[in-house]
Structures are given as structure tokens and as C-alpha cells.
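Read through the structure below, which is laid out as C-alpha cells, and then see the notes.
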Amino acid sequence: MLERVTLACHGGGKAGLDDFEAARTRCGSFPQALGVRRCLPRPRGSTDVLAGYRVVRRIGGGGTGSVYAARDEYGADVALKVVANDAAAYGREVRALQALQHRNIVQMVDTQGGQEGKGPYLIVMELAEWGSLAGVVLRSAEAAAYVAEVASALQFIHERGYAHGDVKPGNILRFADGTVKLCDFGCCERPEAAAETRGRPRGTPAFMPPEAFQGTGSGWTAAVDSWGLAATSFCLVRGRPPFSVAGRGLFDSILYGRANLTACQGERGNDADDEADLANFVAWGLTKAPRGRPSMEQVLQHPWLTKAAALQHSDCSLARGCSSPGRQEPEGGSSPASSSQTC
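Numbering (full-length UniProt numbering), first residue to last: 1 to 343.
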């Protein structure tokens, strides 16, 4: 029986549902294609049923699939990732999620593969109440608290011989208990396996290091995550990636240029020390040579993170209860339901 998780999420829209119907048409009888013996009746307000999960709405998508908010037969809300045809990405993600159990890594609760080696494939995961950090701008100390949790997850991933390969704000999910969790393991690979099978580039260009544009191979190491985390950290505070040139210029800028680490307008109360620590942290992670980037152990010892942790501990000791920045009401009064979970 699936573990019950009480969750809420909004997102998607007509375009997402049209994509879903197109995929359903290509796959024929979707539940039967997944080898499911029976399918629950379509409930009022739901769009369809896939493999016994009542699909509510599309909430995100990426290079390896689309993600839907859904409910299982017990009424628990889940995130349902549909990988249409990429068996390799599906296999990488399932293997990684099975091997990587950590409080800051999204948990898989079910998976179903296609028949005869063909898609579609389903990965069922816990659904984040507050969606992802895509488009979210935070104060420096708040961002540092989240980055420390992600770095802890990445340290765990690297210690077990994997590299995530697609660290970005959209792949960091916020939960109601105040934690953040890393998701989307479709690019996740063991470096030695990547070296044996040189493939096309993986990841999101604005958050990819120079070596990742050459595809997987000997250059695919844990250092790709050090770069991705640095770029993500900058984006969470500034509201844009450190390399934000459009088109072909982005590739040239990452390979040969220098990141624009200047402050943008509308800073949110960051002091000069925070600014200096953040700039140093990001510049170290964006070192062109992979061997020059910090390990996750070094990341967790950086002043930008340790000072934020000390401040958070101090604030907690002065209050009867302590909540993570992720549990605060977003500025402008927006509800958690306005966020989206992406793959």
C-alpha cells in the first residue's frame, strides 16, 4: 500500500491537458499499455485515470517527461511523472531514486514500466506542497539555508558514486515541514558509466558547466553539480542565472566569458558581508576547470552557508518555535498552491 501523503498543488492548464491527451492517443489504452489490470472510474473534477492514478492537472515538465498532480486509490495526492519514450532516462531515474534515500531527496513511492521495452513509463513520487523554487527570489540568508540542504543531498549522492547533472531552482521542491528536496534524476549517472557511453549533453543550458556541453564522457563528474549549485545559488538571490545570454551566446559565454555577478536592482536587505560571501561562493563554484571547484564537503563549510546556519540557530533559540524560511507566507500574499513541481 502506498504511504499516504497530505498535499496540495496547482498548475498546468489547457495546454498541459492537450499534451496529456496527445500522449494518451499515441499510447492507445494507457492503463493497459502499462500492464495494469484494472482502472479506477473517472472521478468528478479529474481529467483522466492512468494506471489507477486519478490525474488532476499538469504541473510541470522538462527534458525527460511531464509531471501531473494525481491521486492514488486511497485519496493520497502524488506527483506522477510520465516519461513517454526515453527508456534510458527512465531507467537512470528509477535506479537513482531506489539507491538514494535521503531527507533532502524526493522519494519515489511507485513505478511502472512500459511493455516490451516501449513507453510510456511512470514514476510516482511524493508531491511538494509549496512547489519548486523556480522563479523564487530570496534573501541571501534564506537562500543559503536552502542551498545547505541541497548540498547535503548532493554530498550523499556523490558519496554513493552518482552525479545529479541538472541542479537548478526548478528541481528543488519545498515541503510544508520546511525542508527542501532535490528532484528530477533523469540526468543522474555514475561518472564511470557516463565515461563508457558518451552521449548527448544533459541538463539545463543556463546551469550547465563547460564540460557538460560536450556530452557525457570522461568530463562527466561530480563537479558538474558544484557548478549547478553555484549557478542556482546566484539565481535564488538575484532572480537570474549568472550566465543569462540568449541563444548561441550562452554557450560562448559559459565556455569563454565571465559570469556577471553584480547585484541587480531591488535587493532584499542583504548586507555587505552576505554579498561578499555569496560572490565568493558563486565564483568558486563557477571555476571553468572542474578540478578547481569545491566538493560538497567544502561547500558546506563555506562562510556563506555557515554564517546563515549560525544566524538561523540563534533566531530559533530566541523563539519558542522555529520554522524554516520555506514555511513563511510568500511576499505579496500568494498561496503555496500557485507554485509548480517540475521534472
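Glycine is no exception: its CB is placed at the ideal position from the N, C-alpha and C atoms. Since the model is a prediction, treat every value here as computed from it, not as a measurement.
Quickly, what does DSSP pair residue i with across the bridge? List them, please.
i: Gly-61; result: Ser-66
i: Lys-81; result: Val-67 and Ile-123
i: Leu-305; result: Paired residues: none, contrary to the question.
i: Met-108; result: Met-125
i: Val-55; result: Asp-48 and Ala-70
i: Arg-189; result: Contrary to the premise, residue 189 reads as Glu rather than Arg in this sequence. Ala-163, per the DSSP bridge assignment.
i: Ser-132; result: Leu-173
Exposed or buried, what is residue i when buried is set at 16 or more other beta-carbons lying within 10 Å of its beta-carbon?
i: Gln-301; result: exposed
i: Glu-3; result: Since pLDDT at Glu-3 reaches only 32, below the 50 mark, its modelled position is unreliable, and the value read off the structure follows with that caveat. Classification of Glu-3: exposed, given that the 10 Å Cβ count is below 16.
i: Glu-192; result: exposed
i: Tyr-146; result: buried
i: Arg-174; result: buried
i: Gly-165; result: buried
i: Asp-177; result: exposed
i: Glu-211; result: buried
i: Gly-321; result: Caution is warranted here: a pLDDT of 46 is assigned to Gly-321, below 50, making its placement in the model unreliable, and no coordinate value can be reported.
i: Glu-73; result: exposed
i: Ala-289; result: exposed
i: Gly-257; result: exposed
Got a sec? Which residues, its chain only, sit under 7 Å from residue i by beta carbon, not counting five neighbours each side?
i: Phe-207; result: Val-167, Lys-168, Gly-228, Ala-231, Thr-232 and Pro-241
i: Gly-266; result: Legend: pLDDT at Gly-266 = 38, less than 50; position of this residue unreliable, no value from coordinates given.
i: Glu-21; result: A caution first: Glu-21 carries a pLDDT of 49, below 50, which makes its placement in the model unreliable, though a value can still be read off. Answer for Glu-21: no residue qualifies.
i: Ala-279; result: Leu-261
i: Ser-244; result: Ala-206
Within the continuous alpha helix (DSSP H) that includes residue i, where are the two ends?
i: Ile-254; result: 248–256
i: Arg-200; result: First-last for Arg-200: undefined, no H or E at that position.
i: Gln-155; result: 140–159
i: Leu-100; result: Run containing Leu-100: none; DSSP gives neither H nor E here.
i: Leu-173; result: Unbroken run through Leu-173 is the beta strand (DSSP E), 172–174; no alpha helix (DSSP H).
i: Leu-236; result: 223–238
i: Leu-278; result: 272–285
i: Glu-297; result: 296–300
Beta-carbon within less than 6 Å of residue i's beta-carbon, same chain only, minus the 5 sequence neighbours each way: which residues are those?
i: Arg-71; result: Arg-54 and Asp-77
i: Trp-284; result: Pro-294
i: Ser-152; result: Asn-104
i: Trp-304; result: Ala-144, Asp-277, Leu-278 and Phe-281
i: Asp-48; result: Val-55
i: Phe-234; result: Pro-242 and Val-282
i: His-102; result: Ala-153 and Phe-156
i: Tyr-90; result: Val-83 and Tyr-121
So, residue i versus residue j, is the Cβ gap smaller than 8 Å?
i: Tyr-162; j: Leu-100; result: yes
i: Ala-84; j: Ala-69; result: no
i: Val-124; j: Val-109; result: yes
i: Leu-182; j: Val-150; result: yes
i: Gln-112; j: Met-296; result: no
i: Ala-143; j: Leu-236; result: yes
i: Leu-286; j: Ala-308; result: no
i: residue 368; j: Ala-222; result: Residue 368 lies beyond the stretch modelled for the chain, which goes from 1 to 343, so this question has no answer here.
i: Phe-185; j: Arg-92; result: yes
i: Arg-202; j: Cys-187; result: yes
i: Ser-132; j: Gly-170; result: yes
i: Val-82; j: Leu-122; result: yes
i: Pro-209; j: Val-224; result: yes
i: Asp-252; j: Ala-141; result: no
Which residues in the same chain have their Cβ closer than 8 Å to the Cβ of residue i, if we skip the five residues on either side of it in sequence?
i: Ser-29; result: In this prediction, Ser-29 has a pLDDT of 37, which is less than 50 and means its spatial position is unreliable; nothing more can be read from the coordinates.
i: Arg-190; result: Gly-161, Tyr-162 and Ala-163
In the DSSP assignment, find the beta strand (DSSP E) that holds residue i and state where it starts and stops.
i: Val-180; result: 180–182
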